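Visitor: Input: one structure, supplied below.
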Amino acid sequence: MSEKKLRIMVIDDENIVGKRLKPALEKSGYLVETFEDGETALARYDEEPFDIVVTDIRMEKVDGIEVLEKILAKSDRTKVIIITGYATVEVAREALSKGAFDFIAKPFKPDDLRTIIKRAANELRQ
Amino acid sequence: MSHNHQRESGEERDAVDDLENIPLRSRPSISIRARIVTSFSLFILFCFAITCWSYWILSEMEKKIEFLEIVGKYMVEIQQARRFEKNYLLYGTNLDDALMHLGTADTILKRHSRTIRHILGAQHLKTIMENLSEYRKQLEMVGRTEREAAIQSLEPKLREYGGQMVSFADEIVKKEQKDVARMLLLAKRGPIFFVFVLIVMMFFVGNALIRQLMMALKRFMDYTKRIGEGDFSPIMPARKYRDEFTSLAEAFNRMIRELNHRQEVLIESHKLRAIGTLVAGVAHELNNPLNNSLLTASLLKEDFHTLTDEEKMEMIDDLISETERSQSIVKRLLDFARESKTSIKSLDLVEIVNESIRLVGNQIKLAKIRLDVDFEENLPRIHGDEQMLKQVFVNLLLNAIDAADKRGRVQISVRKDPESNYLLVTVKDNGPGIPEHLQSRIFEPFFTTKAQGKGTGLGLSVSQGIVRKLGGYIRLDESTQDGTSFTVSLPITYSPSEIMSR
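Residue numbers (my numbering), protein chains in the order written: chain A, 1 to 126; chain B, 1001 to 1502.
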């Protein structure tokens, strides 16, 4: 596979999420950068776009929905995957209607996320 | 000596507490009914006495007038007798006419002897009779003797007796006339005086009764107000005796016990409601450490053979700390939810407020509220029930979060009131405010401004009940279109008993 590695951005204000997902996803052959808030993530996206964005929905200041809206406004090619917690399934539906690729509910296993990312990657490569 | 002194002061205290501490049932009974019946009986007795007196005085007057008539007739007869006597002595007419008149006079006296005796007494009657018979004797003697000789020898005596008889009767008539006039005046003035006394009596007795009733009614109005505001301490009227109001007080106390019981049920059910709200947030919050643990454990297993010992150790440490985090989240909710008997303890209010903020932490995050805290340092402690106080602050915070706009602002402060011995906790939101015409009703149970199904209308009423129980109060400081602010005042106390006695 001489294809260019897909770039993934993980945003979650729980730092352990980024800390664990980065090596887990890199192992699957992606380039991963992690962020703990929406603002820095969006700033970084402006510097260099990402193919897949995995973002927690509930964050202080800029939340997942805003990240979703801003990124899709910049590039509708980017696949945005939303991480939700309990009681925000409604919001997840809202996210889907706003153009999110999919959502995953906490708690999840690395493989659950990998499956979704893989689907997203396949769509991107078509 | 010291022993003695102790006993004395003990007795003194007993005397002071006396009134308040005698059980309602063992106080002597003086019912309102008895008081009203007594006062009415007094009035009736008084009226009866006055009527009797009037009756008596009128019949006395009747007798006197009758007597005056009799004496009048008698006077006519004896005056006639005297005229005939003079005629005889001067012109030599016969004496029979005079004697006939004397006979009539005697008949009058005899016929009415009872009446006359009643008015004048036996002594005077006897005097009159004697006067009459003396005169008659003299007259008869005159009749028997030669006329010229009689004029010479008997006239002076005859005159003396005749004069005495007439003047005595005359005196009596005058005296009795005076008497009748006096009694008439009395009979005229008596009723006026009676009416006056009656009015004064009615005024004082009526006033006293009304005042007692009104005071009791007012007291009970105050009780209902107090109970309405959630103060469920029993009524202990400071009166020495029992009456109908004592029975009412007992009924009130039964009602208060019942209400108190219901209040406890309400507090509990409201707490369950609050827990319901908090659980959603707590479950969400719990998902974070769970997710962290699941990710960490999964990857630890996945890469177990490739990870360095140091990396493994870090992951295990994360697992431990995230599990502890889960534990503390659950424990916090359980501490709040646990059903337990009210226990009054010495508490650090700031700590309680901080715990309450942590309990609603997720609601704050979900609503993207900015929470500003401002706590004064080194505040004195208060006494209260930890869970109940948390319930109050959780409720006020949830209300504030509900009221604040999305991305709104909630401020909470704890400080000492510089003017009183109270700690003040103020919760302020920047919501649209409570409409002015509803502000007076917000502490009523089941009153809510929230949409149907959203609020039970119990929060503030239950909170007020709790705070009152702890000797404090909640008030709405202000509610304008720029926001609403509530302040909870709690007394600074050094022992639990200080709260109980409030």
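Positions of the beta carbon are idealized from the N, C-alpha and C atoms, including for glycine. Keep in mind the model is a prediction, meaning the values are calculated, not measured.
#1: Using beta carbons (cut-off 9 Å, strictly below), is A:Ser2 in contact with chain B?
#2: Quick check: what's the CA-CA separation for A:Thr55 versus B:Asn1399?
#3: Against chain A, does B:Asp1318 count as a neighbour if the rule is that its beta carbon must be under 9 Å from one of theirs?
#4: Whose Cβ in chain A lies nearer than 8 Å to the Cβ of B:Lys1365?
#5: Using the three-state DSSP reduction, which class does B:Ser1002 fall into: helix, strand or coil?
#6: Would you kindly report the start and end of the unbroken alpha helix (DSSP H) that includes B:Thr954?
#7: Roughly how many whole angstroms lie between the Cα atoms of B:Met1001 and B:Thr1493?
#8: Name the two residues that bound the continuous beta strand (DSSP E) containing B:Arg1370.
#9: Go to B:Ser1059, then tell me how far its alpha helix (DSSP H) extends in each direction, as first and last residue.
#10: DSSP three-state call for A:Asp13: helix, strand or coil?
#11: Buried or exposed: which applies to B:Ser1247, given that a residue is buried once 16 or more other Cβ atoms fall within 10 Å of its Cβ?
#12: I need the boundaries of the beta strand (DSSP E) containing B:Ala1105, first residue and last residue.
#13: Are B:Asn1430 and B:Gly1483 touching if we call contact CB-CB under 9 Å?
#14: Along chain B, which residues have their Cβ under 8 Å away from the Cβ of A:Pro110?
#15: B:Gln1363 and B:Gly1281 - do their beta-carbons sit closer together than 9 Å?
#16: Residues in the same chain with beta-carbon distance under 6 Å from B:Thr1456, minus the five sequence neighbours each way, listed in chain order, please.
#17: Given 8 Å as the limit, is there contact between the region 1037 to 1054 of chain B and the region 1065 to 1075 of chain B, that is, 3 or more CB pairs closer than that?
#18: Please report the Cβ distance between B:Ala1216 and B:Phe1193, rounded to the nearest whole angstrom; I am assuming they are in contact, meaning their Cβ atoms lie under 8 Å.
#19: Identify whether B:Val1173 lies in helix, strand or coil by the three-state DSSP scheme.
#20: Using a Cβ-Cβ cut-off of less than 9 Å, give me the residues of the region 19 to 43 of chain A that come near chain B, in sequence order.
#21: I'd like the list of long-range same chain contacts for B:Gly1408, defined as Cβ closer than 7 Å, with 5 residues on each side in sequence excluded.
#22: Per DSSP, what are the beta-bridge partners of B:Phe1429 in this structure?
#23: If I'm right that B:Leu1132 touches B:Asp1106 with Cβ under 8 Å, what's the distance once you round it to whole angstroms?
#24: Could you give the first and the last residue of the continuous beta strand (DSSP E) run that contains B:Lys1345?
#25: With which residues is A:Phe103 paired in a DSSP beta bridge?
#26: For B:Ala1404 and B:Lys1365, I'd like the C-alpha separation in whole angstroms.
#27: Taking the C-alpha atoms as reference points, what is the distance between B:Phe1204 and B:Ser1485?
#28: In chain A, which residues lie less than 8 Å from B:Leu1290 when you measure between Cβ atoms?
#29: Quick one: is B:Asn1291 buried, meaning 16 or more other Cβ sit within 10 Å of its Cβ, or exposed?
#30: Return the first residue and the last residue of the beta strand (DSSP E) that B:Leu1438 is part of.
#31: So, for B:Met1075: in the same chain, excluding its five sequence neighbours on each side, which residues have a beta-carbon less than 6 Å away from its beta-carbon?
#32: The beta strand (DSSP E) with B:Arg1384 in it runs from where to where?
#33: Just to make sure I have the definition right: I need the residues of chain A whose C-beta is within less than 7 Å of the C-beta of B:Asn1287. Which are they?
#34: Against chain A, does B:Ser1485 count as a neighbour if the rule is that its beta carbon must be under 9 Å from one of theirs?
#35: Do A:Glu33 and A:Ile8 have their CB atoms nearer than 9 Å?
#36: Just to make sure I have the definition right: I need the residues of chain B whose C-beta is within less than 9 Å of the C-beta of A:Glu159. Which are they?
Guide: Let's see:
#1: Position 2 of the first sequence, counting from 1, holds the residue named residue 2 of chain A. Confidence at A:Ser2 is low in this model, with a pLDDT of 45, below 50, so its placement is unreliable and no value can be given for it.
#2: The residue given as residue 55 of chain A occupies position 55 in the first sequence. The residue given as residue 1399 of chain B occupies position 399 in the second sequence. Their backbone Cα atoms lie some 30 Å apart in a straight line.
#3: Counted from its first residue, the second sequence places residue 1318 of chain B at position 318. Yes - at least one Cβ of chain A is within 9 Å of the one on B:Asp1318.
#4: Translated into positions along the second sequence, residue 1365 of chain B becomes position 365. Contact note: B:Lys1365 reaches chain A through Arg58, Glu60, using a C-beta cutoff of 8 Å and chain order.
#5: Along the second sequence, read from residue 1 onward, the residue named residue 1002 of chain B stands at position 2. Bear in mind that the predicted position of B:Ser1002 carries a pLDDT of just 41, short of 50, making it unreliable; the figure below should be weighed with that in mind. In the three-state scheme derived from DSSP, where H, G and I count as helix and E and B as strand, B:Ser1002 is classed as helix.
#6: The question about residue 954 of chain B has no answer here: the residues shown for chain B are numbered 1001 through 1502.
#7: Taking the first residue of the second sequence as position 1, residue 1001 of chain B is located at position 1. Taking the first residue of the second sequence as position 1, residue 1493 of chain B is located at position 493. Note on B:Met1001: pLDDT 39, under 50, position unreliable in the model; the coordinate value appears next. Distance between the alpha carbons of B:Met1001 and B:Thr1493: 35 Å.
#8: As a first step, residue 1370 of chain B must be located in the second sequence, where it is residue number 370. 1370 to 1375 is the extent of the beta strand (DSSP E) around B:Arg1370.
#9: For the purposes of this step, residue 1059 of chain B is taken as residue 59 along the second sequence, with counting starting at 1. Element bounds for B:Ser1059: 1032 to 1091.
#10: On the first sequence, position 13 is the one that residue 13 of chain A refers to. Looking at A:Asp13 - three-state DSSP - the assignment turns out to be coil, as it is neither helix nor strand.
#11: The residue given as residue 1247 of chain B occupies position 247 in the second sequence. Answer is exposed; the Cβ neighbour count stays below 16.
#12: For the purposes of this step, residue 1105 of chain B is identified with residue 105 of the second sequence, where counting begins at 1. Premise fails: B:Ala1105 lies in the alpha helix (DSSP H), 1096 to 1111, not in any beta strand (DSSP E).
#13: As a first step, residue 1430 of chain B must be located in the second sequence, where it is residue number 430. As a first step, residue 1483 of chain B must be located in the second sequence, where it is residue number 483. Their beta carbons are under 9 Å apart, which means B:Asn1430 touches B:Gly1483 by this criterion.
#14: Your numbering for residue 110 of chain A matches position 110 in the first sequence. By Cβ distance, chain B contributes Leu1295, Ser1298, Leu1299, Glu1302.
#15: Translated into positions along the second sequence, residue 1281 of chain B becomes position 281. Translated into positions along the second sequence, residue 1363 of chain B becomes position 363. The answer is yes: Cβ separation under 9 Å.
#16: For the purposes of this step, residue 1456 of chain B is taken as residue 456 along the second sequence, with counting starting at 1. Same-chain partners within the cutoff: Arg1273.
#17: By the criterion of at least three beta-carbon pairs nearer than 8 Å, the region 1037 to 1054 of chain B is not in contact with the region 1065 to 1075 of chain B.
#18: One-based indexing of the second sequence puts residue 1216 of chain B at position 216. One-based indexing of the second sequence puts residue 1193 of chain B at position 193. At roughly 35 Å, the Cβ-Cβ gap does not stay under 8 Å, so B:Ala1216 and B:Phe1193 are not in contact.
#19: Translated into positions along the second sequence, residue 1173 of chain B becomes position 173. Helix, per DSSP.
#20: Listed in sequence order: Lys19, Arg20, Leu21, Pro23, Ala24, Lys27.
#21: The sequence position of residue 1408 of chain B within the second sequence is 408, counting from 1. Answer for B:Gly1408: Ile1369, Asp1429, Asn1430, Gly1431, listed in chain order.
#22: As a working mapping, residue 1429 of chain B is identified with position 429 in the second sequence. Phe is not the amino acid found at residue 1429 of chain B; the sequence shown has Asp there. Note: B:Asp1429 is bridge-paired with B:Val1410, B:Thr1484 in the DSSP secondary-structure output.
#23: In the second sequence, counting from the first residue as 1, residue 1132 of chain B sits at position 132. In the second sequence, counting from the first residue as 1, residue 1106 of chain B sits at position 106. Contact holds; Cβ gap of about 6 Å.
#24: As a working note, residue 1345 of chain B is residue 345 in the second sequence. B:Lys1345 -> beta strand (DSSP E) spans 1345 to 1347.
#25: The count along the first sequence starts at 1 and reaches residue 103 of chain A at position 103. A:Phe103 pairs with A:Ile82.
#26: Working through the second sequence from its first residue, we reach residue 1404 of chain B at position 404. Working through the second sequence from its first residue, we reach residue 1365 of chain B at position 365. B:Ala1404 and B:Lys1365: Cα-Cα distance of roughly 13 Å.
#27: If you number the second sequence from 1, residue 1204 of chain B lands on position 204. If you number the second sequence from 1, residue 1485 of chain B lands on position 485. Within the model, the alpha-carbon separation for B:Phe1204 versus B:Ser1485 is close to 52 Å.
#28: In the second sequence, counting from the first residue as 1, residue 1290 of chain B sits at position 290. At a C-beta separation below 8 Å, B:Leu1290 has these neighbours in chain A: Lys106, Pro107.
#29: Locating residue 1291 of chain B in the second sequence gives position 291, counting from the first residue. Taking a 10 Å sphere around the C-beta of B:Asn1291, we find 16 or more other C-beta atoms and assign the residue as buried.
#30: Translated into the one-based positions of the second sequence, residue 1438 of chain B becomes position 438. Taken as a continuous stretch (DSSP letters only), B:Leu1438 belongs to no beta strand (DSSP E), as it is neither H nor E.
#31: As a first step, residue 1075 of chain B must be located in the second sequence, where it is residue number 75. In chain order, Ala1169 place their CB closer than 6 Å to the CB of B:Met1075, counting only its own chain and leaving out the 5 sequence neighbours on each side.
#32: As a first step, residue 1384 of chain B is located in the second sequence; it is residue number 384 there, counting from the start. Note that residue 1384 of chain B corresponds to Gly in the displayed sequence, not to Arg. Taken as a continuous stretch (DSSP letters only), the beta strand (DSSP E) holding B:Gly1384 covers 1382 to 1384.
#33: Within the second sequence, the letter at position 287 stands for residue 1287 of chain B. The contacting residues are Gly85, Tyr86, Lys106, Pro107.
#34: As a working mapping, residue 1485 of chain B is identified with position 485 in the second sequence. Among the CB atoms of chain A, none fall inside 9 Å of the CB of B:Ser1485.
#35: The sequence position of residue 33 of chain A within the first sequence is 33, counting from 1. The sequence position of residue 8 of chain A within the first sequence is 8, counting from 1. Taking 9 Å as the Cβ cut-off, A:Glu33 and A:Ile8 qualify as a contacting pair.
#36: This structure gives no information on residue 159 of chain A, because the portion of chain A shown stretches from 1 to 126.
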